[in-house]
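Residue numbers (this note's numbering): 208 to 784.
No residue lacks a Cβ here, since even glycine has one placed at the ideal position from N, Cα and C.
In this text, all values refer to a predicted model and were calculated from it rather than measured experimentally.
Data block below; observations after.
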Amino acid sequence: MNQKIPLASVDDQCNAAAREAVRQRISWPANLTPANVTYHSRGHVLLLGSAQATHDAACALQGRGLASITLLATDTQASLSPLTGGSEPAVQHPLTSEQCQQLQITGYLGAFAVSLQPASDAPLNLARALIAREHFDVVLDMTGAGPASGVCRWELPPPGYLKWSAQPSAAGEPLESVLERAVELVGEFDKPRYFQVNSDLCAHSSSGNIGCTRCLDVCPADAITSYQGRIESRIEIDPFLCQGVGSCTSACPTGAIEFRLPETRRQQDTLATWLAAYRDAGGTQPVMRFVTHDTLEAEKRAGVVTAGHVLDAPLEELGAAGHDQWLTALASGAAEVRIQLHEAAPPRLNAFLSDQLAQAQSLLEALGHDPERIQLIAPGEQAARDALPRLMPLTDTLLALSEPNKRTRLNQVLERLAALGQPSGQRHGVTPGAAYGGLNVDSNACTLCLACVSTCPTPALAAGSDSPSLSFREADCVQCGLCEQACPEGAITLVPGFLASPERLERYVCHEEAPFECIRCAKPFATVSTVAMMKQKLANHPYFAGEALARLEMCEDCRVKDVWLTMARDPNAQLKV
Numbered sequence: 208m209n210q211k212i213p214l215a216s217v218d219d220q221c222n223a224a225a226r227e228a229v230r231q232r233i234s235w236p237a238n239l240t241p242a243n244v245t246y247h248s249r250g251h252v253l254l255l256g257s258a259q260a261t262h263d264a265a266c267a268l269q270g271r272g273l274a275s276i277t278l279l280a281t282d283t284q285a286s287l288s289p290l291t292g293g294s295e296p297a298v299q300h301p302l303t304s305e306q307c308q309q310l311q312i313t314g315y316l317g318a319f320a321v322s323l324q325p326a327s328d329a330p331l332n333l334a335r336a337l338i339a340r341e342h343f344d345v346v347l348d349m350t351g352a353g354p355a356s357g358v359c360r361w362e363l364p365p366p367g368y369l370k371w372s373a374q375p376s377a378a379g380e381p382l383e384s385v386l387e388r389a390v391e392l393v394g395e396f397d398k399p400r401y402f403q404v405n406s407d408l409c410a411h412s413s414s415g416n417i418g419c420t421r422c423l424d425v426c427p428a429d430a431i432t433s434y435q436g437r438i439e440s441r442i443e444i445d446p447f448l449c450q451g452v453g454s455c456t457s458a459c460p461t462g463a464i465e466f467r468l469p470e471t472r473r474q475q476d477t478l479a480t481w482l483a484a485y486r487d488a489g490g491t492q493p494v495m496r497f498v499t500h501d502t503l504e505a506e507k508r509a510g511v512v513t514a515g516h517v518l519d520a521p522l523e524e525l526g527a528a529g530h531d532q533w534l535t536a537l538a539s540g541a542a543e544v545r546i547q548l549h550e551a552a553p554p555r556l557n558a559f560l561s562d563q564l565a566q567a568q569s570l571l572e573a574l575g576h577d578p579e580r581i582q583l584i585a586p587g588e589q590a591a592r593d594a595l596p597r598l599m600p601l602t603d604t605l606l607a608l609s610e611p612n613k614r615t616r617l618n619q620v621l622e623r624l625a626a627l628g629q630p631s632g633q634r635h636g637v638t639p640g641a642a643y644g645g646l647n648v649d650s651n652a653c654t655l656c657l658a659c660v661s662t663c664p665t666p667a668l669a670a671g672s673d674s675p676s677l678s679f680r681e682a683d684c685v686q687c688g689l690c691e692q693a694c695p696e697g698a699i700t701l702v703p704g705f706l707a708s709p710e711r712l713e714r715y716v717c718h719e720e721a722p723f724e725c726i727r728c729a730k731p732f733a734t735v736s737t738v739a740m741m742k743q744k745l746a747n748h749p750y751f752a753g754e755a756l757a758r759l760e761m762c763e764d765c766r767v768k769d770v771w772l773t774m775a776r777d778p779n780a781q782l783k784v
């Protein structure tokens, strides 16, 4: 299905009319999440930078309704000029070179903790020391490449953290505009709680082992942490730091993290419905472009009109749609998929999108399709954005995804693409950390203790119902590694890679044994290898010394009965243990 498009058949006017019909008939699902995260800012502003820069900024901020202005000068050689004429409290404090290295800032709008962290002493809360408060409300970082420039560790700074540099090479908004934003950040501000977390689906941790960390790796706002509990770890997302980039929900292979901007499955359903409506309205050779609302607004202000065959999927941020959504568009009849990058994207988001593109192209190639059907478009690349697709759409049939589970829906998309292409039947390499692959089970080492089954977060591993066995279905495996870590015998090894074969969807038995029957009542209670392993490891234990070793060949009921019979015959026997 990689047939070239005859250019004469493309009617841009007809396609534009079909696109408008789609827009009028079907709306892209909106963010209906209530605003239930509130920031409280009273206007205590911290200016961080050189003495001259912070002094000039403070002078411009005086008399504009702020509660206090605090200046931390990072150039210790400069003299501090006094601030006069303002009604609000103003505090100036120089930092030594050593203190610049010790400076740490955490938090968000209304709750910035600013402290000095000496190696051999307790942290010093600068807000408490300078303005008798626990926190600053707004931080204006003017350090540029100065001695304290490393204080901002965020790729995507939290709300209330503003940056400005006086260096000529630093392209950015004028200082007056940044100061105006600082003044406006006084009061109460609401935003949506963008996400929901279903811990039952999460593959991050089980039985004290750490597995999947994909959401932790891709969040540019550092809003996601692994909370270490007394027994288990879990993923926690700070709603005050989260800014709705969405890369975590796209990276999550199980759907444990789901955003409401809108839900992933609603986006997928809308993509399929749009493409069907576009065809019904007479449109041909559709190209689905994933683009942010901000980019669309900028194009609208500039009077940009895209080519008629380009259908725009508007997103809060590009991370809200990953390779599963892109592949859904192709499986629903899009000729190509284009992801419109923008200048403001943080580096970790761009790296995530590049990784998702590599995954998508690997899957397309494995399933017999041209990997160039999905492309990233650089900011401002109008020709690449509006270019006619090189290939015909793979299908003109509506793709119906009935299952709510994210992994199941992805498997349905891959099945459709396999049916439309020529799968290689081989295992193909994927990017490191991709959620595709199988596993090998060493039958000589496996005792069928089934610790792997109890720790697996998906239905990939299962125990036998009638006899001791371990089965596996590769389509459900997300390569979290929890089974590999949980196996006490080291019998499991992960095999990364996408298997472009129907065998990926089939469940097969990895290892099975005949059940071991109790030597007293003949009840099956374990496997032969499990009993042999227990006898070997407990042979020198005093509880199982001598004839008592036979208790390991008894079921749980007969073992207890044997202990009581022994004590009845010899009451002092328990003292020998």
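DSSP three-state label for residue i, please.
i	result
residue 338	helix
residue 695	coil
residue 256	strand
residue 411	coil
residue 557	helix
residue 405	coil
residue 327	coil
residue 664	coil
residue 734	strand
residue 540	coil
residue 519	strand
residue 588	coil
residue 751	helix
Give me the Cα-Cα distance between residue i and residue j, rounded to the nearest whole angstrom.
i	j	result
residue 784	residue 775	Legend: pLDDT at residue 784 = 49, less than 50; position of this residue unreliable, value from coordinates given subsequently. When rounded, the distance between both Cα atoms is 15 Å.
residue 457	residue 646	24 Å
residue 710	residue 490	37 Å
residue 771	residue 733	22 Å
residue 470	residue 296	47 Å
residue 580	residue 718	41 Å
residue 594	residue 508	22 Å
residue 539	residue 577	16 Å
residue 439	residue 431	16 Å
residue 653	residue 492	53 Å
residue 460	residue 311	34 Å
residue 545	residue 534	11 Å
residue 630	residue 624	9 Å
Is residue i near residue j, with beta carbons less than 8 Å apart?
i	j	result
residue 660	residue 698	no
residue 726	residue 707	no
residue 158	residue 712	What the structure shows of the chain is the stretch from 208 to 784, and residue 158 is not part of that stretch, so it cannot be assessed.
residue 449	residue 402	yes
residue 596	residue 548	no
residue 309	residue 325	yes
residue 307	residue 291	no
residue 737	residue 656	yes
residue 474	residue 530	no
residue 454	residue 367	no
residue 517	residue 496	yes
For residue i, list the residues DSSP reports as bridge partners.
i	result
residue 320	313
residue 368	346
residue 267	Bridge partners of residue 267: none, in fact.
residue 714	680
residue 332	322
residue 466	402
residue 634	706
Counting along the chain, where does the beta strand (DSSP E) carrying residue i start and finish?
i	result
residue 720	It is not in any beta strand (DSSP E) - residue 720 carries neither H nor E in the DSSP assignment.
residue 495	494-499
residue 300	297-301
residue 609	Counting along the chain, residue 609 falls outside any beta strand (DSSP E), and DSSP gives it neither H nor E.
residue 547	543-547
residue 277	275-280
Can you give me the start and stop residues for the alpha helix (DSSP H) that residue i sits inside?
i	result
residue 434	No alpha helix (DSSP H) holds residue 434; the beta strand (DSSP E) holding it covers 431-435.
residue 768	763-776
residue 647	From DSSP, residue 647 is part of no alpha helix (DSSP H) but of the beta strand (DSSP E) over 644-648.
residue 425	421-425
residue 384	382-391
residue 227	219-232
residue 291	From DSSP, residue 291 is part of no alpha helix (DSSP H); its letter is neither H nor E.
residue 857	Absent from the model: residue 857. The displayed extent of the chain is 208 to 784, so no value can be given.
residue 440	Not the alpha helix (DSSP H): residue 440 falls in the beta strand (DSSP E), residues 440-444.
residue 454	454-458
Flag residue i as yes if its beta-carbon sits less than 8 Å from any beta-carbon of chain B, otherwise no.
i	result
residue 493	Absent here is chain B; the protein component of the structure consists of one chain.
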